[in-house]
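Start counting the sequence shown at 1; every next residue gets the next number (the UniProt record's numbering). Ideal Cβ positions, reconstructed from N, Cα and C, are used throughout, including at glycine. It should be emphasised that the depicted structure is a prediction, and the values quoted were computed from it without experimental measurement. Take a look at the structure below.
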Amino acid sequence: MKSTAAAPAPANTRPARASKAAAPRRIRRQLVTSPWLFAAPGLAVVGVFILYPFVSTIINSFTDKRQLVEGKYVGLANFRELLHDDMFWIGLRNSTLYVLVVVPALVVLPLLLALLVQKQIPGITFFRSAFYTPVVASIVVVGLIWVWMLDERGLVNAVLEAVGAGKVGFLSDQWLLLFSAMAVTVWKGLGYYMIIYLAALANVPRELHEAAAVDGAGPVRRFLSVTVPAVRSTMVLVAALSSVAAFKVFSEVYLMAGPTGGPAGEDTTLVMLVQRTGTGLTGRVGYASAISVVIFVVTVALMLLVLRADRKEDK
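Laid out in structure tokens, this is it:
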């Protein structure tokens, strides 16, 4: 019999196998690099507008930098000066008081408002839109409207005079001005947090309310025993968001109190103090940066405090 020899392998077999082996490596490399290419524009924006200013502020807080003048390293001198600055303590007092008053209101009132507008009745869409309108309105427009209403010759005092009451100095009294600004903050934030609560209430099983009603629980009891536990995580979220926003309040107080911060500057907040200290040709950028670092530390502490309180309730 004639023996048949094996046919020689094609010359291009080895390169083909090499290309097949390289294909998985190329795919893995693309899987690693492609997400970063998509995220690169967003990361660039974050780096330029958030990370760089953040790091620059921390560095400047340890210098005596001024506008148009390069500063020198002064260590903790700016922070030591804060301890003896009366305006800093006034700003810290007002910002802390803002948190203590505004945050509980923005945690409870939007929830009650969401319970009201949750009902499917004719015309409820109009009320939902009306409650949300202040959220989309410009804060400058909202502030000017409230200034016009609360001025001594404004609408509110005109109504008070019409009913025989005297005028009230909403914008001239230290505490009335601050609480008026708080009322504006609460009024403007009601619609925003109402939407958050509406999303949370939509996930509450109706069977829980029906079971509580069968057990004889009234509306208040069902609210405390069913609704509040069901939306507790949302309440923690609202508390964290509103506490940070309240501590960093600027626009409402600035528009109603003016650049000076009300009578003798007694209504100045910390962010207003940063704006006043760090701007202008003679602005003390280093000192304003130190105040900004304090604001950052306090806001982080507020968020950690809220989260810790939530964990304690879970145990």
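Alpha-carbon spacing of residue i relative to residue j, whole angstroms
| i | j | result |
| --- | --- | --- |
| serine 3 | proline 24 | In this prediction, serine 3 scores a pLDDT of 49, lower than 50, which makes its location untrustworthy; the coordinate-derived value is nonetheless stated afterwards. When rounded, the distance between both Cα atoms is 41 Å. |
| methionine 303 | leucine 176 | 28 Å |
| asparagine 78 | phenylalanine 54 | 17 Å |
| valine 249 | alanine 309 | 24 Å |
| isoleucine 124 | arginine 222 | 23 Å |
| valine 117 | valine 184 | 21 Å |
| valine 271 | threonine 279 | 12 Å |
| residue 316 | valine 163 | With the chain represented from 1 up to 315, any question about residue 316 goes unanswered, as that position is not in the structure. |
| leucine 155 | methionine 149 | 5 Å |
| glycine 169 | leucine 97 | 20 Å |
| alanine 217 | leucine 208 | 11 Å |
| threonine 133 | leucine 37 | 39 Å |
| serine 172 | methionine 256 | 10 Å |
| leucine 281 | leucine 68 | 7 Å |
| serine 233 | proline 122 | 31 Å |
| threonine 277 | valine 74 | 18 Å |
| methionine 1 | arginine 29 | Summary for methionine 1: the model assigns pLDDT 44, below 50, so the residue's position carries little reliability; its value from the coordinates is reported in the next sentence. Straight-line Cα distance between these residues: approximately 54 Å. |
| serine 129 | lysine 167 | 33 Å |
| threonine 260 | valine 136 | 28 Å |
| asparagine 157 | proline 219 | 38 Å |
| leucine 76 | leucine 83 | 11 Å |
N- and C-terminal bounds of the alpha helix (DSSP H) containing residue i
| i | result |
| --- | --- |
| phenylalanine 250 | Element bounds for phenylalanine 250: n/a, residue is neither H nor E. |
| serine 61 | Premise fails: serine 61 is in no alpha helix (DSSP H) and is neither H nor E. |
| threonine 133 | 124-136 |
| valine 103 | 86-117 |
| glycine 191 | 174-201 |
| alanine 77 | 77-82 |
| glutamate 210 | 206-214 |
| alanine 162 | 155-162 |
| valine 69 | Careful: valine 69 lies outside any alpha helix (DSSP H) and carries neither H nor E. |
| glycine 143 | 139-150 |
Nearest-angstrom Cβ-Cβ length linking residue i and residue j, presumed shorter than 8 Å
| i | j | result |
| --- | --- | --- |
| alanine 200 | valine 231 | 4 Å |
| alanine 246 | valine 45 | Contact doesn't hold; Cβ gap of about 27 Å is too wide. |
| asparagine 60 | threonine 269 | Their Cβ separation, rounded to whole angstroms, is 21 Å, which puts asparagine 60 and threonine 269 out of contact at 8 Å. |
| leucine 190 | phenylalanine 131 | 6 Å |
| serine 242 | glycine 143 | Contact doesn't hold; Cβ gap of about 18 Å is too wide. |
| valine 103 | alanine 301 | That belief does not hold up - the Cβ atoms of valine 103 and alanine 301 are roughly 14 Å apart, past 8 Å. |
| leucine 111 | tyrosine 197 | 5 Å |
| tyrosine 106 | valine 228 | In the sequence on display, residue 106 carries leucine and not tyrosine. That belief does not hold up - the Cβ atoms of leucine 106 and valine 228 are roughly 16 Å apart, past 8 Å. |
| threonine 57 | serine 292 | 5 Å |
| tyrosine 287 | glutamate 81 | 7 Å |
| glycine 283 | arginine 66 | 6 Å |
Of the listed residues the options, nearest to residue i (C-alpha basis)
| i | options | result |
| --- | --- | --- |
| phenylalanine 88 | Gly265, Lys119 and Tyr192 | Gly265 |
| alanine 181 | Ile139, Val293 and Glu152 | Ile139 |
| aspartate 267 | Pro219, Ser225, Ala217 and Phe179 | Phe179 |
| leucine 92 | Val285, Val159, Ser34 and Thr299 | Thr299 |
| glutamate 70 | Leu273, Ala290, Val285 and Pro219 | Val285 |
| valine 141 | Gln174, Ile195, Val108 and Lys188 | Lys188 |
CB contact below 8 Å: residue i versus chain B
| i | result |
| --- | --- |
| methionine 194 | Among the chains in the structure shown there is no chain B, since it carries only a single protein chain. |
- request: Write down every uninterrupted run of the alpha helix (DSSP H) in the segment 216-276 whose length is 4 residues or greater and which is fully enclosed by it, in chain order.
  value: You should have 219-222, 232-247 and 251-257.
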